[in-house]
Every structure is written in structure tokens, then in C-alpha cells.
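*Asks:* One structure, pasted below without further comment.
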Amino acid sequence: MSREAARVAKGLGLQLDIRKGGLLTDGHLYALEHQSEYDVFLSQGGTALLMEETLSKPVISITISVVDYVQALNKAKSYGHKVALVSYDCPLLKELESLAQLTPDFDFTVFPYSNKDDFQDQIAKVFSLKDHTVIGLGGCTCDHVRKHGVDYVMIESSRENIRSALMAAKNIIDLNYKERLTTSRVTNILNYSSEGIFSVDKDGVIPIMNFAAEKIFNVTQADVVGKSLSSPEVPQIFRDIYGDGSFLVNETVVSGGNAFMVNRIQLSINRRIEETLVTFQSISDIQSLERKSRNALRNAGLVAKKSFSDIIYSSRAMRECVLRARQFGSTDAALLIEGETGTGKELFAQGIHNVSPRSKGPFVAVNCAALPESLLESELFGYTSGAFTGARKGGKAGLFELAHNGTIFLDEIGDISPMIQSRLLRVLQEKAVLRVGGDRILDVNTRIVAATNKDLLGMVERGEFRDDLYYRLNLLNLTIAPLRERPDDIETLVCFFLASKGAMYGVESKRLSPRTLDMMREYDWPGNVRELENFMEKLLILQPLESNLDYSAMKLLAERTRRSRGCAGLAAADDAPGMLTIHVASLKDMENEIFTKMLDRMGGNQTRVARRLGVSRVTVWKRLQETQVRQ
1 MSREAARVAK GLGLQLDIRK GGLLTDGHLY ALEHQSEYDV FLSQGGTALL
51 MEETLSKPVI SITISVVDYV QALNKAKSYG HKVALVSYDC PLLKELESLA
101 QLTPDFDFTV FPYSNKDDFQ DQIAKVFSLK DHTVIGLGGC TCDHVRKHGV
151 DYVMIESSRE NIRSALMAAK NIIDLNYKER LTTSRVTNIL NYSSEGIFSV
201 DKDGVIPIMN FAAEKIFNVT QADVVGKSLS SPEVPQIFRD IYGDGSFLVN
251 ETVVSGGNAF MVNRIQLSIN RRIEETLVTF QSISDIQSLE RKSRNALRNA
301 GLVAKKSFSD IIYSSRAMRE CVLRARQFGS TDAALLIEGE TGTGKELFAQ
351 GIHNVSPRSK GPFVAVNCAA LPESLLESEL FGYTSGAFTG ARKGGKAGLF
401 ELAHNGTIFL DEIGDISPMI QSRLLRVLQE KAVLRVGGDR ILDVNTRIVA
451 ATNKDLLGMV ERGEFRDDLY YRLNLLNLTI APLRERPDDI ETLVCFFLAS
501 KGAMYGVESK RLSPRTLDMM REYDWPGNVR ELENFMEKLL ILQPLESNLD
551 YSAMKLLAER TRRSRGCAGL AAADDAPGML TIHVASLKDM ENEIFTKMLD
601 RMGGNQTRVA RRLGVSRVTV WKRLQETQVR Q
């Protein structure tokens with residue numbers, strides 16, 4: 001049996017230790033002494049029965065069937081003697097006795113025993129008989145019998161029964177492993193959860209509590225576990241958080257001046273509530289965790305630092321643009337922001353993100369024109385390990401993955417290649433990305449805000465930009481007017497930059513004269529707000545070298561005009577701020593020339609011309625009419 005058991009165990013992958021010794025050699029006591037070393041014990045007959053009574057570990061008895069007994073009896077009969085069956089007293093013996101009564105050929109006498117003393121008495125009776133063949137279990141009986149020269153036949157379990165016993169042992173071991181793994185998993189989830197957890201059973205007793213609850217309540221498990229919720233030893237805060245035990249999700253409960261976010265979940269078996277699981281977290285801890293999360297995003301540069309309050313304006317056009325952008329912030333639709341360089345497209349994108357439902361998520365900005373195609377692809381979509389030479393081991397998450405549950409801002413979208421356009425369209429359609437060199441689709445929940453300073457629709461018409469991508473990006477559209485089209489914002493921006501840049505460079509707050517501001521309004525500002533900001537910063541840096549801020553501003557404006565016109569001197573620049581070149585003629589003609597050139601400079605706006613020249617709008621209109629008649 002030992003040899004067969006070893007062979008089967010090897011095939012099943014079981015670690016089987018074999019110790020020979022039964023009831024008469026205290027095999028059951030050996031098992032009791034070593035039970036902590038094993039998961040399952042296997043034995044047979046009386047030894048197995050005694051082990052079941054004394055061990056706390058599972059014991060599997062290798063079955064001895066009636067067929068096994070009958071086979072041993074038939075073999076014993078072949079010796080031509082009467083048969084003595086020495087066996088541990090068990091129900092099977094009665095079945096054999098009943099079988100013997102029905103079958104006269106089965107002539108045998110049973111000598112049952114239940115302990116060592118019984119065995120010695122019964123074996124002595126057997127030895128007093130003459131011409132008997134002994135049938136028994138195990139080597140102990142065999143050793144006793146053969147010392148007296150008596151024929152002996154051992155009752156053997158079939159291979160099938162040995163295999164069945166080992167299979168049962170394997171199932172128990174596998175089940176125990178799964179139970180231990182589940183217990184370990186649940187224990188670790190409980191104890192390493194940042195939330196406090198305890199439960200209350202149907203009798204009002206607290207069966208479990210985790211480490212977080214210990215820390216929050218300042219108690220130990222020994223103080224609470226196993227005790228009634230109503231016990232005076234259990235702190236009042238337990239009762240406050242448990243309440244009436246009803247189902248609860250993310251509700252605030254106040255106890256002892258502290259606020260907690262509480263969940264209560266009822267555990268039912270056969271529609272009967274057996275236990276209520278309570279999870280809770282201090283709201284101050286939640287706020288602290290949120291601060292850490294925001295700091296981590298900020299440190300990674302994935303935070304929109306600007307809001308709509310950072311947009312400085314006073315013009316009606318800009319006010320309407322901001323209102324439109326705020327409305328767009330409430331949606332998740334793709335957005336295209338159009339505007340010249342320096343108008344503040346990223347500033348608007350950050351403001352939109354910060355008023356959107358995604359404001360707590362990451363904000364990822366990328367300048368598509370700053371990266372070559374191959375690098376832009378890997379940056380946007382990520383790559384797997386070994387995707388290309390020099391690829392980081394383990395791969396790298398792309399910007400779309402980093403922007404999950406947030407916003408990705410694609411600046412200069414008009415500069416991306418057709419290949420990137422195709423991949424970007426797929427992301428918009430499927431809300432998923434495939435890393436470079438990868439074979440697994442990754443879902444991404446990211447809002448796309450794109451920006452361009454190009455005529456994207458014209459590029460579509462010329463076949464330079466995919467029309468399907470354009471219309472997906474242009475679901476919502478925001479156009480930011482250039483600074484030259486909103487001169488009312490000039491003074492507001494100048495005052496803001498004088499204050500902010502002045503504080504930066506330690507320059508006392510000053511103001512520019514109305515005449516200087518008019519000159520600044522007449523300048524085109526091709527770099528828009530960014531150029532104006534740089535202009536004001538340079539003006540304040542040079543301020544200590546000049547006695548007059550207005551004079552410094554006029555000089556800087558003249559320099560910018562010369563550079564933009566490519567002229568050698570200020571006199572040749574007919575459109576220099578604050579100056580006009582007038583041909584000498586009659587006073588009337590020179591006045592008319594002034595009105596004509598000023599109208600051209602002001603883009604045909606007669607009201608602005610009148611305000612600049614200090615005359616009425618009607619006067620401007622009359623002079624222009626006179627000029628047209630003369631022409």
C-alpha cells in the first residue's frame with residue numbers, strides 16, 4: 001500500500017511522507033504529535049478511526065471494502081484451514097457476518113478489538129486455536145502471527161481506493177490553499193486599507209475591525225472585537241458611525257466634533273441580513289489626500305495653473321469670447337481654438353479645463369510643432385519595451401494615457417503630419433490608443449482641446465489637413481481676436497503689466513500718458529498680447545536709464561516700427577506711431593491728407609479718427625467727402 005500510495009502521489013504532485021506504524025505501534029500518537037507539520041493525514045482501519053477522534057486536522061481513511069475482505073477470505077481458504085479474522089471493530093464486520101450466514105462456504109470467526117489490550121486478548125485466543133489461517137490488517141498483526149508459525153493473509157485496499165483517498169487529500173489541500181489565500185487577501189485588504197473598517201453582526205457583536213479603524217478611533221482590536229456594540233467598553237464613535245445600521249453610501253456623519261465619510265453595506269445570506277459592514281474615512285484625511293494628489297500632478301507639470309480670472313480684458317469682443325469659453329467648459333466635446341500667435345490660446349484652454357467636470361484630472365499640453373514626427377508619435381501614444389532603438393525598458397506611457405480623465409491640449413495642430421493625423425482621428429473615434437510597437441488597445445477617457453494659428457479650413461481645402469479630423473476637432477470652435485482688433489484692451493493690459501512687472505523689477509507703479517496709450521493703440525502688435533507683455537517688461541527694465549516713461553515707450557515703439565517696416569530711419573516710416581509724413585501744399589490740402597491717412601491708419605473707423613484728431617465725426621465725414629469730390 002505504501003509503494004502504491006507513493007507512486008500515485010508523485011503523479012498527482014503531492015508531497016507525501018510515509019510512516020509505517022498502526023494502532024499497536026502508536027501510529028495515531030505520532031500523528032497527534034506531528035499534526036502541525038501536515039495538512040492532511042491518511043491511514044486505514046482502526047488507526048484512521050482513532051486519528052479522526054484525536055486530530056484537529058483532516059483525516060482520510062483509505063477504504064477497505066467488503067470485496068477486499070472477501071478476496072482475503074478466499075485466499076485464506078486456499079490454505080485448507082479454518083479462518084480467523086482479526087480486525088478493528090467497525091460496522092463492516094457486521095456486514096461480513098451477515099454475508100457468512102448467507103454463504104455457508106464462508107466459514108470464519110471474527111476476533112474484533114478496539115485497543116491494544118483487546119488486541120492482545122484476541123490474538124491470544126487465535127493462537128489457542130489449531131489449524132487456523134489468520135486474516136488481518138497491517139504489519140503489526142502479521143509480525144505477531146508469523147512468530148507463532150501461523151499462516152497469515154493481509155487484507156489489502158485496491159489501487160482504486162488508494163488513488164481515491166489521495167485525490168480526496170489533494171482536493172482538501174487545494175481547498176485549504178484557496179481558503180488561506182482568500183483569508184490572507186481579505187486580511188490584507190482590511191488591514192492595509194486607508195479606510196477604517198468594522199462590522200456588526202445580527203446579534204450586535206463586532207466581529208472584525210482593521211488597523212485603520214484602530215488608528216482613527218485610538219483603540220485596539222482587543223478592546224472592541226468580540227464585544228457588543230452597546231457595551232460601555234466600546235467607544236461612542238462606533239455607535240455614531242453605525243447609526244441604525246441601514247444602507248448608506250458616501251454620507252457625512254459627525255461624531256465628537258469630527259466629520260467622517262461613511263458607507264454601510266448589509267451582508268445577506270438567503271435574504272437574511274447576517275452582518276453590516278461599515279467603512280469610513282475622516283474627511284480631513286480625504287482633503288489631505290486630495291492635496292497630495294494635486295501636488296503630485298503639479299510636480300509632474302500636469303496641472304492647469306491658469307483660469308479665466310487670469311485673462312485681462314475690457315473689450316466687448318473679449319468678454320463675449322470668455323463667456324463662450326466658459327460655456328464650452330461644461331461639455332466634454334472636442335474643441336478647436338483659433339487665433340494668432342500670442343493671443344492666449346493655451347490660457348483659454350487651461351481656463352476651460354479648470355471650469356470643466358475634469359478639473360480635478362490632469363491637464364497635459366504639447367506643442368505639436370516643436371517635435372519631429374517620430375518623436376511626437378511616441379510622446380502622444382507611448383511605446384512598448386524594445387519598440388525602437390533606445391526605447392526605455394518597460395516602455396513609456398503616452399501623453400494621452402497621462403491625460404486619462406483629464407484634458408490634453410494639442411497646440412499648433414496644423415503642423416502635424418498625415419500619419420499623426422490618421423492616428424489622432426482613431427483616438428477621437430475609438431477613445432483608445434495603441435502604443436508604438438504594442439499589440440494591446442488601451443482605453444483613454446480624455447478630452448481633446450486643439451489650437452492653431454493657421455487657416456485650418458484652407459488647409460483642408462488644399463488637401464493639407466484631413467477633413468474628417470478637422471470636423472471632429474471643430475465640433476466646438478473658439479476664435480480669439482488679435483490685439484489690433486480690440487484696442488480697448490490695450491490700456492487695461494498696460495496697467496496690469498505695469499503693476500505686475502513693476503513689482504517683479506522693483507519699479508514704482510507708474511502710468512503712461514493718454515497720448516502714449518493712443519500711439520500704442522495705433523501699433524499693430526503682430527505678436528499680440530505676448531508681444532505687449534515683452535514690450536512692457538523691456539520698458540520697465542530700461543526705465544532706470546530714462547527720465548521719462550512715456551519717452552522710453554515712444555522710443556521702443558519707434559524701434560519696433562522700423563524693424564517691422566525694414567526702414568533705415570524713423571522719418572521714412574510714414575506710419576510710425578504718433579507721426580505722419582505730409583506733403584507740403586496748401587493748408588486745406590494738407591488737412592485733407594491728414595484726414596485721409598488717419599482714416600487709413602484707423603482701418604476706416606471714422607469715430608476713432610475723430611477722437612484722435614479732437615474733432616467731431618461729422619467734420620471727418622465732410623472732409624472725406626471733399627477729398628472724394630476733388631479726386
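Take 1 as the starting number for the sequence shown in the UniProt record's numbering and just add one per residue.
Built from N, CA and C at the ideal position, the CB exists for glycine as well.
Rounded to whole angstroms, how far is the Cβ of residue 309 from the Cβ of residue 329, which I believe are closer than 8 Å?
*Replies:* Not quite, the Cβ-Cβ distance comes to about 13 Å (not below 8 Å), so this is no contact.
*Asks:* One question on the structure: do residue 501 and residue 537 come within less than 8 Å of each other, judged by their Cβ atoms?
*Replies:* Closer than 8 Å, so yes.
*Asks:* Identify which residue in 68, 271, 425, 363 has its Cα closest to the Cα of residue 402.
*Replies:* Measuring from the Cα of residue 402, the nearest candidate turns out to be 363.
*Asks:* Just confirm the distance between the C-beta atoms of residue 447 and residue 358, as a whole number of angstroms; I'd bet it's less than 8 Å.
*Replies:* Rounded, the Cβ-Cβ distance is 6 Å, consistent with contact.
*Asks:* State the Cα-Cα distance for the pair residue 345 and residue 339, rounded to the nearest angstrom.
*Replies:* Cα-Cα distance, rounded: 7 Å.
*Asks:* Expressed to the nearest angstrom, what Euclidean distance is found between the alpha-carbon atoms of residue 223 and residue 234?
*Replies:* Cα to Cα, the separation comes out at about 7 Å.
*Asks:* Taking the DSSP output, what are the residues bridged to residue 381?
*Replies:* In the DSSP output, where bridge partners are listed per residue, residue 381 has none listed.
*Asks:* Which whole-angstrom value describes the C-beta separation of residue 382 and residue 530, a residue pair presumed to lie in contact below a C-beta threshold of 8 Å?
*Replies:* Not confirmed; about 32 Å, so no contact.
*Asks:* Buried or exposed for residue 568, going by 16 or more other Cβ atoms inside 10 Å?
*Replies:* Note that residue 568 scores 35 on pLDDT, short of 50, meaning its location in the model is unreliable; the coordinates nonetheless yield the value given after this. By the neighbour-count rule (16 or more Cβ atoms within 10 Å), residue 568 is not buried but exposed.
*Asks:* Contact between the region 77-86 and the region 108-115 is defined here as three or more beta-carbon pairs at a separation below 8 Å; is this criterion met?
*Replies:* Because the criterion of three Cβ pairs below 8 Å is met, the region 77-86 and the region 108-115 touch.
*Asks:* Can you tell me whether residue 497 is buried or exposed, with buried defined as 16 or more other CB within 10 angstroms of its CB?
*Replies:* The residue in question, residue 497, is buried, as its Cβ has 16 or more Cβ neighbours within 10 Å.
*Asks:* Residue 136 bridges to which residues according to DSSP?
*Replies:* Residue 136 pairs with 154.
*Asks:* To the nearest angstrom, how far is the alpha carbon of residue 1 from that of residue 49?
*Replies:* Going by the C-alpha atoms only, they are around 18 Å apart.
*Asks:* In chain order, which beta strand (DSSP E) runs of at least 3 residues are fully inside the region 246-311?
*Replies:* Qualifying beta strand (DSSP E) stretches, in chain order: 248-255, 258-269, 272-282.
*Asks:* Beta-carbon within less than 8 Å of residue 398's beta-carbon, same chain only, minus the 5 sequence neighbours each way: which residues are those?
*Replies:* 378, 379, 380, 381, 382, 383, 433, 435, listed in sequence order.
*Asks:* Taking C-alpha atoms, which residue in 171, 542, 553 lies nearest to residue 516?
*Replies:* Here the closest residue by C-alpha is 553.
*Asks:* Can you tell me which of 490, 162, 250 puts its alpha carbon nearest to the alpha carbon of residue 265?
*Replies:* Taking only the C-alpha atoms, the option nearest residue 265 is 250.
*Asks:* Anyone know if the C-beta pair for residue 194 and residue 210 falls short of 8 Å?
*Replies:* Not closer than 8 Å, so no.
*Asks:* Quick check on the DSSP output: the beta strand (DSSP E) that includes residue 149 runs from which residue to which?
*Replies:* Careful: residue 149 lies outside any beta strand (DSSP E) and carries neither H nor E.
*Asks:* For residue 317 and residue 483, I'd like the C-alpha separation in whole angstroms.
*Replies:* Roughly 11 Å separates the two Cα atoms.
*Asks:* Who are the Cβ neighbours of residue 459 in its own chain at under 7 Å, not counting the five residues just before and after it?
*Replies:* Taken in chain order, the residues that qualify are 414, 465.
*Asks:* With DSSP as the reference, label residue 206 as helix, strand or coil.
*Replies:* Coil at residue 206, not helix or strand.
*Asks:* Kindly list the residues whose CB is nearer than 6 Å to the CB of residue 631, restricted to its own chain and excluding five residues on each side of it in sequence; keep chain order.
*Replies:* Low local confidence applies: a pLDDT of 49 at residue 631 is under 50, so the model's placement there is unreliable, with the coordinate-based value given in what follows. Closer than 6 Å at the Cβ level, and outside the excluded window around residue 631, lies no residue.
*Asks:* Using 7 Å as the cut-off, classify the Cβ of residue 249 as near or not near the heavy atoms of the ligand GTP, replying yes or no.
*Replies:* Looking at this structure, you won't find the ligand GTP or any other ligand, since it has none at all.
*Asks:* Suppose the cutoff is 8 Å on Cβ atoms and the five residues either side in sequence are ignored; what does the same chain contact list for residue 248 look like?
*Replies:* Taken in chain order, the residues that qualify are 262, 263, 264.
*Asks:* What span of residues does the beta strand (DSSP E) with residue 452 cover, start to end?
*Replies:* Residues 447-452.
*Asks:* Suppose the cutoff is 8 Å on Cβ atoms and the five residues either side in sequence are ignored; what does the same chain contact list for residue 66 look like?
*Replies:* Around residue 66: 92, 95, 96, 99.
*Asks:* Less than 8 Å between the beta carbons of residue 463 and residue 405, yes or no?
*Replies:* For residue 463 and residue 405, no; Cβs fall outside 8 Å.
*Asks:* Report buried or exposed for residue 207, applying the criterion of at least 16 other Cβ atoms within 10 angstroms of its Cβ.
*Replies:* So residue 207 ends up on the exposed side.
*Asks:* With a floor of 4 residues, list each alpha helix (DSSP H) that falls wholly inside the region 183-241, ordered by position along the chain.
*Replies:* Complete alpha helix (DSSP H) runs here, min 4: 211-217, 221-224.
*Asks:* Identify which residue in 583, 30, 26, 424 has its Cα closest to the Cα of residue 17.
*Replies:* For residue 17, the nearest C-alpha among the options comes from 30.
*Asks:* Quick check: the region 36-48 against the region 160-174, are there 3 or more CB pairs under 8 Å?
*Replies:* Flag = yes, the region 36-48 and the region 160-174 touch.
*Asks:* So, at 7 Å on beta carbons, what are the nonlocal neighbours of residue 76 in its own chain, with the 5 sequence-adjacent residues on each side left out?
*Replies:* 83, 133, 135, 153, listed in sequence order.
*Asks:* Return the CA-CA distance between residue 476 and residue 442, expressed in angstroms with no decimal places.
*Replies:* Rounded to the nearest angstrom, the two C-alpha atoms are 26 Å apart.
*Asks:* If residue 68 and residue 156 are in contact, beta carbons under 8 Å, what's the gap, nearest whole angstrom?
*Replies:* Rounded, the Cβ-Cβ distance is 6 Å, consistent with contact.
*Asks:* Looking at the unbroken beta strand (DSSP E) that takes in residue 411, where does it start and where does it end?
*Replies:* Per DSSP, residue 411 belongs to the beta strand (DSSP E) from 407-411.
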